[in-house]
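Beneath this line is the structure, given in structure tokens, with notes to follow.
Residue numbers (this note's numbering): 379 to 481.
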């Protein structure tokens, strides 16, 4: 995708899996954002590691949320809650590593 270079460049917004280039549009008089799925300069190993740990946090987090949905209507043993707490620890550990890699 091509970015309109005739307008004034305001900034770039980076996400884990996408990026957006913000520029001032003369036609509308306000700032617009052009979004794309992959930034051309996103070959940074820290961003790749942050992406991996965000996917791991998602893998560990979805079952925990599903179990918490059933925790009110089903009886779980102490062992099940210990497993849930360990998964929550893994989720918070993976999330904290995302912040470390994206310092």
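All C-beta atoms, glycine included, are put in the ideal place defined by N, C-alpha and C.
Measuring alpha carbon to alpha carbon, tell me which of the options ends up nearest residue i.
| i | options | result |
| --- | --- | --- |
| residue 442 | 454, 422, 463 | 463 |
Buried or exposed for residue i, please, with buried defined as at least 16 other CB atoms from any protein chain shown within 10 angstroms of its CB.
| i | result |
| --- | --- |
| residue 431 | buried |
| residue 471 | exposed |
| residue 447 | exposed |
With a threshold of 8 angstroms on Cβ separation, who are the neighbours of residue i within its own chain once the five nearest residues in sequence on each side are excluded?
| i | result |
| --- | --- |
| residue 479 | 424, 425, 427, 428, 431 |
| residue 469 | 435, 438, 439, 442 |
Which of helix, strand or coil does DSSP assign to residue i?
| i | result |
| --- | --- |
| residue 427 | helix |
Tell me which same chain residues have a C-beta within less than 7 angstroms of the C-beta of residue i, skipping the five on either side of it?
| i | result |
| --- | --- |
| residue 466 | 442 |
The region 446-453 in contact with the region 420-431 per 3-pair CB rule at 8 angstroms: no
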